[in-house]
Amino acid sequence: TGQWLLDSEQYQAWLETKGQTLFCPGIPGAGKTILTSHINNDTIGPAYVYCNFRQQEEQKADSLLANLLKQLAGRQPALPERVIRTIERNPSSNEIQRTFQSVVAGYPRVFIVVDALDECQASDGCRIRLLSELFNVQNRYGVNVLVTSRFIPEIMYQFKGYIHLEIRATREDVERYVGGHLEQLRPFVQRNQQLQGEIKTKISDAVDGM
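In our numbering, the protein residues as written are 294 to 503.
Set out below in structure tokens:
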């Protein structure tokens, strides 16, 4: 269900304290993207980007920042003409950064979620540039930043000293998921409560956080 993340002390501390960073590492298959969807459906309505290794050529730091800029700008009732012009044309890196900062400055609170940072290209400096700009607006305007990633040493180092919350599939979530699909099995399984319990236990034991 993902409710465990929303109820966790780490998430609540991130939510309640302006300018906090929450780093959520997890192994492949742990459900990082599913859990970030729960955050997106939470009341905070964050600006959100999902990094996809299949789109590394398109997902440069500028395009990711421009994506966040458009989301935040789209929530304002009236935008300065300068911001509109920047969004509508092909702006330079400096223009994107300046406009991004000016739009962020117009909000009392801003929440930004970056999912699967490890899939953002590292060789061209995309990761470093993206994080650098996010930490910059965080320091200046108290932006809250949440990032998910696999356990990549270079990324782990970037978040040294910040709050960490490992994403793992909880036993309760796994059993609830399996229980919801037992009706798809053969009738003799559906009639046998003991067998259903054994199936839930075996699968939960085998998953081990995935």
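All C-beta atoms, glycine included, are put in the ideal place defined by N, C-alpha and C.
Between residue i and residue j, what straight-line distance do the alpha-carbon atoms span, to the nearest angstrom?
| i | j | result |
| --- | --- | --- |
| GLU374 | SER385 | 17 Å |
| ASN432 | PRO401 | 14 Å |
| GLN414 | PHE452 | 17 Å |
| ILE320 | ARG422 | 24 Å |
| VAL376 | GLN352 | 21 Å |
| ASN429 | GLU459 | 25 Å |
| GLN296 | GLN303 | 13 Å |
| ASN383 | GLN369 | 21 Å |
| GLY418 | PHE346 | 14 Å |
Compare the C-alpha of residue i against each of the options and name the closest.
| i | options | result |
| --- | --- | --- |
| LEU357 | GLU426, PHE444, GLY312 | GLU426 |
| MET449 | GLU302, PRO318, LEU299 | PRO318 |
| ASN360 | LEU299, GLU381, GLN296 | GLU381 |
| LEU424 | THR314, THR329, VAL403, ALA366 | THR314 |
| VAL438 | ILE327, PHE316, TRP297 | PHE316 |
| GLY367 | TYR304, GLN352, VAL397, PHE444 | VAL397 |
| PRO339 | GLN348, ASN345, LEU365, ILE320 | LEU365 |
| ALA371 | GLY399, GLN394, GLN305, LYS353 | GLY399 |
| GLU412 | ASP300, TYR455, PHE444 | PHE444 |
Look up residue i in the DSSP assignment and say whether it is helix, strand or coil.
| i | result |
| --- | --- |
| ASN345 | coil |
| SER442 | strand |
| ILE460 | coil |
| ALA354 | helix |
| THR329 | helix |
| ALA340 | strand |
| LEU315 | strand |
To which residues of the same chain is residue i closer than 6 Å at the C-beta, ignoring the five residues directly before and after it?
| i | result |
| --- | --- |
| GLY435 | LYS311, GLY312 |
| ASP408 | THR326, THR329, TYR343, THR441 |
| VAL403 | VAL397, VAL436 |
| PRO446 | none |
| ARG420 | CYS413 |
Using a Cβ-Cβ cutoff of less than 8 Å, which residues in the same chain neighbour residue i once the five nearest sequence positions on both sides are dropped?
| i | result |
| --- | --- |
| ILE389 | ASP355, LEU358, ALA359, LEU362, THR379 |
With a CB to CB cut of under 7 Å and the five nearest residues on each side skipped, what residues in its chain are close to residue i?
| i | result |
| --- | --- |
| TRP307 | GLN313, LEU315, ASN437, LEU439, ILE456 |
Where in the region 378 to 435 do unbroken runs of the beta strand (DSSP E), each at least 3 residues long, occur, reported from the N-terminal end onward?
404 to 408
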